[in-house]
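With the first letter of the sequence shown counted as 1, position 136 gets the number 196 in this note's numbering; the numbers rise by one all the way through. Built from N, CA and C at the ideal position, the CB exists for glycine as well. Nothing here was measured: the structure is a model prediction, and the numbers come from that model.
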Amino acid sequence: MAISSVSSYSPMFDYQGWVDKANSQANALGESVGYKPTESTSSTDKTSGSSSTSSTNKTSGSSYSNSSAATSASSFLLNYKKSLTDLESASQKLQVGAKDNVFSKYESAVSALSKAQTEDEKKAAQAKVDKAQEDIISAINDFADKYNSTISFLESNSNRSAGAVRQLESLKRSLPTENAMKKALGISLDKNGKLQVDNDELKKSLESGYDLAKDVMGGQYGIAQRTGTKASSILDSSIDTVVGSSKTESSSTSNDKNSSASGFDYSDFSSDDSMSAYFTSFANFAKSGAYNLSNYYAVGMLLNTLV
């Protein structure tokens, strides 16, 4: 018993009718040779369903991947800006030349204490001095927290771009030697290069060597000034500088995940900064002059001719 050939298929006839007829003929042929097929749905339906599902999943997966990458880039930039803005703000509170800095407030409180006449006035003025000193200690601790947080953020994203690595090293260089910080402020560095504040030592430094502590932390070339300037400079840089070039290559696992069924590797398109890098490369090429562009168009015309 012959089975209708697929080659006889015409788009004008009933597809489902053809499937039913083919199944019926297949079953009849199986019975004639003593074959009992296991219970299953139409292979054609399965193939069609599988293809449809596969296509849908691929499209859905691709859309999700693109959306996830965009979300990752957006989240990185938002957290990047917040970390540096917080560090910049914490630095300004300690800069002697900045408005409402804690050192100026402390000196105003000390000046008011020296002018107090009565015991009540002296008591009230001393309370303000103590409060101003606590504000300095609090501001230095806040600065250390923001500095450490920014360093941790840049370290955790150092594989995202070379720009983040440069900024990380730049911020670390804004600190003086550990011995200088210990002597003037009671601040040390842990094994990971993070700031550690000893509040008791800091208080002693403010009481016995206030001018040195102020200069090292808030002076013209002090920690707060140098770090704040670095943070401001980084914030003023372009986004392309932040994510314009990848520090590391994609891993083999990532390459496998980004390879299509046809064998084409899409891994280069998976990073958040790749498109920016491609446009930058073309821009640099274009900047080299009309001669190169003429060659570029000439090659393109030749390729079109060959195709």
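- With respect to the 9 angstroms criterion, Phe-203 and Leu-147 are classified as neighbours on the basis of their beta carbons.
- Excluding sequence positions up to five before and after Lys-274, its CB lies within less than 7 angstroms of the CB of Val-156, Phe-163, all in the same chain and listed in chain order.
- Scanning its chain for C-beta atoms nearer than 8 angstroms, with the 5 sequence neighbours on each side dropped, one finds around Ala-240 the residues Val-276, in chain order.
- From the listed residues Thr-287, Gly-279, Gln-193, the smallest Cα separation to Lys-206 is found for Thr-287.
- Ser-134 and Glu-229 have their C-alpha atoms some 24 angstroms from each other.
- Straight-line spacing of the CA atoms in Ala-150 and Thr-237 works out to 21 angstroms.
- Residues Leu-173 of the same chain have their beta carbon placed closer than 7 angstroms to that of Gln-186, with the five preceding and five following residues left out of the count.
- Excluding five sequence positions before and after Val-170, the CB atoms of its chain that fall closer than 7 angstroms to its own CB belong to Val-189, given in chain order.
- Residues Ser-248, Asp-250 of the same chain have their beta carbon placed closer than 6 angstroms to that of Gln-256, with the five preceding and five following residues left out of the count.
- The DSSP-derived three-state label of Leu-154 is coil.
- Boundaries of the alpha helix (DSSP H) harbouring Ser-198: 179 to 216, taken from the DSSP string.
- For the pair Gly-279 and Ala-244, the Cα-to-Cα distance works out to about 12 angstroms.
- Cβ-Cβ distances below 6 angstroms link Leu-144 to Ala-291, Ile-294, Leu-295 in the same chain, with the five nearest sequence neighbours on each side left out; the list follows chain order.
- In this structure, Ala-192 sits away from Ala-184, with a CB-CB distance that is not shorter than 9 angstroms.
- When only Cα atoms are considered, Ile-283 and Leu-235 end up about 6 angstroms apart.
- Comparing alpha carbon positions, the residue from Glu-179, Phe-213, Lys-232, Ser-84 closest to Asn-139 is Phe-213.
- Contact between Leu-231 and Ile-211 holds, with the beta-carbon distance rounding to 6 angstroms and staying under 8 angstroms.
- Assigned with DSSP and collapsed to three states, Gln-227 falls in helix.
- Of the residues assessed, Tyr-281 falls on the exposed side of the cut-off, its CB having fewer than 16 other CB atoms within 10 angstroms.
- Taking C-beta atoms under 8 angstroms as the contact rule, Phe-136 and Asn-219 fail to qualify, at a distance of about 12 angstroms.
- Within the same chain, Cβ atoms closer than 8 angstroms to the Cβ of Asn-161 are found at Gln-152, Lys-153, Leu-154, Gln-155, Gly-278, the five residues on either side in sequence being excluded.
- The Cβ atoms of Gly-269 and Asp-258 do not sit closer than 9 angstroms to each other.
- Rounded to the nearest whole angstrom, the CA to CA distance from Ala-158 to Tyr-166 is 14 angstroms.
- Residue Glu-267 holds the alpha-carbon nearest to the alpha-carbon of Ile-196 among Ser-297, Asn-252, Glu-267, Arg-233.
- For Leu-249, the enclosing beta strand (DSSP E) covers residues 247 to 249.
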